[in-house]
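Those protein sequence lines, which keep their order, are chains A and B. First residue of the first sequence? That's 8 in our numbering, and the numbers climb one at a time after it. First residue of the second sequence? That's 57 in our numbering, and the numbers climb one at a time after it. A virtual CB, placed ideally from N, CA and C, is assigned to each residue, including glycine.
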Amino acid sequence: MLTTVSSPFSEHPEIRQRFAELHPPLSAQAAVVESNRCLHCFDAPCMVACPTHIDVPGFIKRIASGNLRGSGRKILDANVLAGSCSRVCPVEVLCEGACVMHRYDRPPIQIAQLQRHAMDAFHASGEPLIPVPPPAIPLRVACVGSGPASLACAAELRRAGAQVTVIERRPLPGGLNTYGVAEYKLPTADSLREVELIRQTGVEFRLSEAIETTAQLEALEAEFDYVFLGVGLGAMQSLGIPGESESIQGGADHETHGILNALQLISAYKTGHITKMSGAVVVVGAGNTAIDAAVAARRLGADPVTMLYRRGPNDVSAFDFEFDHARREGISFLWHRLPVAIRKAQDGSLLLDIEAVQPIGNHPADNRKSDRFEPVPHSLFTMECRTVIPAIGQSPLTQLLAEFRHITVEQGRIAIERATGQTTHPRFFAGGDCANGGREVVDAIADGKRAAHGILAKFNSAAEVAHVKH
Amino acid sequence: MSSIKSGSPHFTPDLAVRNFAGGINCPNPFWLASAPPTNCGEQIMRAFDAGWGGAVWKTIGAPITNVSSRYSSIDWMGQRMMGFNNIELISDRPIETNLRELTEVKKRYPAHAVIASLMVESTREAWHDIVQRSEDAGADGLELNFGCPHGMSERGMGSAVGQVPEYAQMITEWVKEVARTPVLVKLTPNIADIRTVARAAKLGGADGLSAINTINSITGIDLDTLVPRPNVGGKSSHGGYCGPAVKPIALNMVQSVMADPASALPLSGIGGIATWSDAAEFILLGCGTVQVCTAAMHYGYRIVEDMADGLSNWMRGKGFRTLEDFRGLSVNRVTEWKHLNLNFKIVAQIDEQKCIGCDLCHIACWDGAHQCIHLDRVSGPVDGHVELHPIPTSHEAASHNRITVTSVTRRERTQGAGLHSPAHGPYPTPLARIPRVDQTECVGCNLCSCVCPVDNCITMVEVPTGLPPETWDERTRGANCATEPPIL
Ligand SMILES: Cc1cc2nc3c(=O)[nH]c(=O)nc-3n(C[C@H](O)[C@H](O)[C@H](O)COP(=O)(O)OP(=O)(O)OC[C@H]3O[C@@H](n4cnc5c(N)ncnc54)[C@H](O)[C@@H]3O)c2cc1C
Ligand SMILES: Cc1cc2nc3c(=O)[nH]c(=O)nc-3n(C[C@H](O)[C@H](O)[C@H](O)COP(=O)(O)O)c2cc1C
Ligand code: SF4
Ligand code: SF4
Ligand code: SF4
């Protein structure tokens, strides 16, 4: 029996020191001044831009008026993981990107910082997530996976009085909020604190339990009325080059080197299993995860850290602010390059063979950039480094999804009805990365919330039918 | 703000005040009001060095004992001191000290105006005595404080005098019996009609008036202790309200005094003045000088620099060479409601290029005006003569039902991941968020142009009605049972 969700976790002091917060919180006075800048737009574009539709002007005005409790409650009404969101959301392309202030020649309202201000106050107050527990309803739901999607679904169902069990294969709950998001944005401890609030609403957590076989799924179907799948994406894709699969990972005393992918590195440092790196590191890829891994390597002590990307700087798929951040952290870039092989040097370091590449043709449809590249002749060279970090995207959980009978999977994503999260199986719902192909935390939360409402709607109409029959 | 004409004439406007109230001269109209900024000679000399033209000494009288705390303020939207409140009494320094310092100031600053503000018990002897001593000390003029709304009035002074025309007239007469310098009476606003006391002062022989003093107030209550502010050991008291919040009230009272021949006298305007433009407004309503307290307490004497500079630049642009060139020009632009032209019509017009899409005008017009700013781009279906439009909450409901996702790829970010997911701003205001005024329904109330955050985005444009001007007075004059509309 676990007392809190974080019992097997304790923050490593060295990690805390190396990954100091990127955006320290606003002071109370600064929050009031900032909140007073908000125009309180009608049908506010920031609210529309938020996938969970947080009433942004509503909560900001409550900060301005000194109604901090009301502000926190207003936010949580729309988004139970709003604490994490305030720290990890790419607000530049969400609420803050939509703020009318852009067109007023003023900086957008610091919505994320204000949200964090209200959520920090809420967490400090020790209040429960659901102030008045609702009467229980005869509805049992299992949420598979404990990432943002499942957590949002679970909390929303608890609000309606359902019984919810979250089943997670890892020892700690929270999904990528706990194991993936950069520590200088959201420390693992803070993610776990937020999950703990959800557990305290009465959600049951079964940790270190994987649902992987048809038999297990059938058992779930028997035990629960509905099942929500929030299993996220699978492992990082491999580079598919010679030498990669040789397990050349080494290190002792919380140090690491060799080949390890971005997610391995990130989850290992976040849980304190790796606390330092040294020597040259090459990260392959230029997405947000690649940048997170590169910055992490840098902060762990690696030098130099170089990112290798097959396209140019204008095609970086990472958000602009992440790219800027990487440069500020001292990451260097090698553009139009692909790795071709990894070899091991005498002294144990790695030799990475790299080739310059150029795209072949353009993708015919919808102006997308070509996905095919050809090497530039005579461009092969070798980089010596201690560590190579593949970071070219997560693969879908193909094997797992194949087990889910009656659930249609399209292009590695579970097919759902957008508004309700329902899969092609009437008792299975899904959301988050496994259904949207991999977006952001807030998208997973919005999916989970919609699925909870979808489940409740089905439950209620079933109850109505039962009532009519009597 | 008035537009400064291009090709302004090249002259340096003269800000000097000459022969105000029958004999007061000073280099500019900016005086410090009788208050903490004029507590002692050392302060006043520093103020003159900073550029103030005159100072009314902190009210002199038998020394009192003050309490602590004494002030409280109204903060608004993060701005400090929109309104300011005090429960302070008159000077707590001995009369001799104040007058000795006054002599010293006058000796060093002969060209500046030093006015002695006075308040003593209501006897002829007491008033004769203090008037003579102040003038002997060298005061350029006297200001009778009939306005202080707290503390002193409980002792039969201040607004206890200023609220009773007969007392005000009597004491003014006593003072005039001996005064050799101009006598100003400072009026309290805490009275139904400020003109009654202004008239009494005039009858009593006053040379001028100062208006307004502070307004009775309780600024607020501490919601932890439940004690109103300012808290003096668990209790509070009615205070006097001043600062930017009171300016409209002061302007109204100044205008009503200056428009009333039985009240009008040379007037020193007071109440919420903080900038040159505030000062210009008071002068346009007839004031010969202006007095400042709260703004100087907030930012210090240095504010006078921009007051003088800004007034001078505005005068240049307008072609006014002296203060007398524009003093009082706006007094007659205020009239009774019944003389306003009922056939003058304006309607709101939105500049779509400037609109930032906050839709505040839409909700303001729907909830607070006449339901004629719409978010739908087309004229609605018609029910009889009424056009039907979606009500505001239906727009909100539609937004709540939208599915928005984060634009994760570069392509999504430039194009938006879907209809409602923004591309990375800044981008032009989407047409759907630019409201539209139904000008046939607009009553021209101004509300939307008041709420619009963008300067000159909503303007009110005149629509010729083709009708000759007609006032309510004209429309009802001669009618059998004409009734005046109540003015609320
Ligand atoms: C390195 C990295 C950094 C990121 N940074 C950000 C960021 O800064 N901001 C942002 O908004 N988004 C970020 N994201 C994206 C974000 O983390 C995801 O979109 C989000 O976590 C998806 O939530 P989810 O619940 O769908 O999946 P996940 O968070 O992946 O959770 C899925 C959970 O299901 C469990 N699970 C999987 N299979 C099984 C099974 N068979 N049985 C039981 N449990 C199972 C997994 O262990 C996991 O805990 C980042 C992603 C990565 C990889
Ligand atoms: C445009 C407008 C019209 C008003 N009309 C009336 C009225 O008809 N009758 C009335 O008793 N008060 C009227 N008032 C005064 C208000 O009821 C209220 O007393 C005043 O505005 C002070 O409240 P507030 O400043 O807190 O809003 C009006 C106020 C405004 C702004
Ligand atoms: S768009 Fe900006 S100004 Fe408008 S409500 Fe949202 S945060 Fe406030
Ligand atoms: S002026 Fe008044 S009635 Fe006309 S559109 Fe604006 S708010 Fe509405
Ligand atoms: S208030 Fe002004 S800026 Fe806002 S929507 Fe209306 S016209 Fe546009």
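*Whole-angstrom Cβ separation of Ser90 of chain B and Pro119 of chain B, contact assumed at under 8 Å?*
Wrong, their Cβ atoms sit about 15 Å apart, outside the cutoff.
*asked:* Per DSSP, what are the beta-bridge partners of Phe388 of chain A in this structure?
replied: Partner(s): A:Ile361.
*Of all the options B:Val517, B:Ala453, B:Arg372, B:Ala103, which has the alpha carbon lying nearest to the alpha carbon of Cys349 of chain B?*
The shortest C-alpha separation from Cys349 of chain B is found at B:Ala103.
*asked:* Against chain A, which members of the stretch 452 to 466 of chain B pass a CB distance test of less than 8 Å?
replied: If the cut-off is 8 Å between Cβ atoms, the stretch 452 to 466 of chain B has Glu452, Ser455, His456, Arg458, Ile459, Thr460, Val461, Thr462, Ser463, Val464, Thr465, Arg466 near chain A.
*May I ask you to report which of helix, strand or coil DSSP gives Thr394 of chain A?*
Strand.
*According to DSSP, which residues form a beta bridge with Ala162 of chain A?*
Paired residue(s): none; Ala162 of chain A is not in a bridge.
*In chain A, what lies closer than 7 Å to Thr350 of chain B by C-beta?*
Correct list: empty, because the minimum Cβ distance to chain A is about 21 Å.
_Given the structure, does Leu101 of chain A come close to ligand 3, in the sense that its CB is under 8 Å from one of the ligand's heavy atoms?_
No, the Cβ of Leu101 of chain A stays beyond 8 Å of every heavy atom of ligand 3.
*Rounded straight-line distance, which links the Cα of Asn154 of chain B to that of Gln188 of chain B*: The straight-line gap from Cα to Cα measures roughly 14 Å.
*asked:* Going by beta-carbon coordinates alone, are Gly78 of chain B and Glu160 of chain B separated by less than 9 Å?
replied: No, the pair does not count as a contact, with Cβ atoms beyond the cut-off.
_Tell me the residue span of the alpha helix (DSSP H) that contains Gly366 of chain B._
Counting along the chain, the unbroken alpha helix (DSSP H) around Gly366 of chain B starts and ends at 359 to 374.
*Does the pairing of the stretch 111 to 126 of chain B with the stretch 360 to 379 of chain B give three or more beta-carbon distances under 8 Å?*
With a cut-off of 8 Å, the stretch 360 to 379 of chain B and the stretch 111 to 126 of chain B do not count as touching, because too few Cβ pairs lie within range.
*In chain order, what residues of the same chain lie with their CB nearer than 7 Å to the CB of Leu145 of chain B, ignoring the 5 residues before and after it?*
Here the set comprises Ile120, Asn122, Gly207, Met208.
_Can you list, in chain order, the residues of its chain with a C-beta nearer than 6 Å to that of Thr415 of chain A? Leave out the 5 residues immediately preceding and following it._
Closer than 6 Å at the Cβ level, and outside the excluded window around Thr415 of chain A, lie Ala422, Thr431.
*Does any C-beta atom of chain B lie closer than 9 Å to the C-beta of Glu50 of chain A?*
It should be noted that the sequence gives Asp, not Glu, for residue 50 of chain A. With 9 Å as the cut-off, Asp50 of chain A counts as an interface residue toward chain B.
*Going by alpha carbons, who is nearest to Trp230 of chain B out of B:Ser190, B:Val360, B:Ile250, B:His184?*
If we check each option's Cα against that of Trp230 of chain B, B:His184 comes out closest.
_Proximal residues to Leu259 of chain B (C-beta, below 7 Å), its chain only, five neighbours per side dropped_ = Listed in chain order, the non-local C-beta contacts of Leu259 of chain B below 7 Å within the same chain comprise Gln225, local neighbours out to five positions each way being set aside.
_For Asp70 of chain B, the three-state DSSP class (helix, strand or coil)_ = Asp70 of chain B: strand per DSSP, three-state reduction.
*Range of the contiguous alpha helix (DSSP H) that encloses Ala267 of chain B*: No alpha helix (DSSP H) contains Ala267 of chain B, which is instead part of the beta strand (DSSP E) from 264 to 267.
_Secondary structure of Ile146 of chain B, DSSP reduced to three states_ = Correct three-state label for Ile146 of chain B: coil.
*Short CB-CB distance (under 9 Å) between Asp450 of chain A and chain B*: Interface residue, yes.
*Quick one, which of A:Lys465, A:Pro433, A:Asp454 has its alpha-carbon nearest Glu228 of chain A's?*
The option with the nearest alpha carbon to Glu228 of chain A is A:Pro433.
_Beta-bridge partners of Arg344 of chain A, as assigned by DSSP_ = DSSP, once it has assigned bridges, lists A:Ala363 as partnering Arg344 of chain A.
*Among A:Gly428, A:Ala473, A:Ser198, which one has its Cα closest to the Cα of Ala453 of chain A?*
Here the closest residue by C-alpha is A:Gly428.
*Check whether Ile82 of chain A and Gln122 of chain A have beta carbons under 9 Å apart*: Against a cut-off of 9 Å, the Cβ pair of Gln122 of chain A and Ile82 of chain A comes out as a contact.
_Between A:Phe16, A:Phe436, A:Val449, A:Cys392, which has its C-alpha nearest Tyr233 of chain A's C-alpha?_
It is A:Phe436 whose Cα lies nearest to the Cα of Tyr233 of chain A.
*Three-state secondary structure (DSSP) at Leu179 of chain A?*
In this structure, Leu179 of chain A counts as coil in the three-state DSSP scheme.
*Tell me, please, whether the stretch 300 to 318 of chain A touches the stretch 215 to 229 of chain A by the rule of three or more beta-carbon pairs shorter than 8 Å.*
Below 8 Å, too few C-beta pairs join the stretch 300 to 318 of chain A and the stretch 215 to 229 of chain A to call them touching: fewer than three.
_Looking at the secondary structure, which residues open and close the beta strand (DSSP E) in which Lys242 of chain B lies?_
Here the beta strand (DSSP E) through Lys242 of chain B covers 239 to 242.
*Under three-state DSSP, which class holds Ser173 of chain B?*
Of the three classes helix, strand and coil, the one that applies to Ser173 of chain B here is strand, per DSSP.
*asked:* Tell me the rounded alpha-carbon separation between Glu181 of chain B and Met175 of chain B.
replied: Taken atom to atom, the span from the alpha-carbon of Glu181 of chain B to that of Met175 of chain B is near 13 Å.
*Leu199 of chain A versus Gly182 of chain A - alpha carbon distance*: Roughly 10 Å separates the two Cα atoms.
*From Ala119 of chain A to Val98 of chain A, what distance separates their C-alpha atoms?*
When rounded, the separation of the alpha-carbon atoms in Ala119 of chain A and Val98 of chain A is 7 Å.
*Taking DSSP as the reference, what is the three-state secondary structure of Ala224 of chain B?*
Look at Ala224 of chain B here: in three-state DSSP terms it is helix.
*asked:* Please report the distance separating the alpha-carbon of Glu471 of chain A from that of Ala426 of chain A.
replied: When rounded, the separation of the alpha-carbon atoms in Glu471 of chain A and Ala426 of chain A is 21 Å.
*Any chance you could list the beta strand (DSSP E) runs of at least 3 consecutive residues sitting entirely within the stretch 221 to 253 of chain A, in chain order?*
The qualifying runs are 233 to 236.
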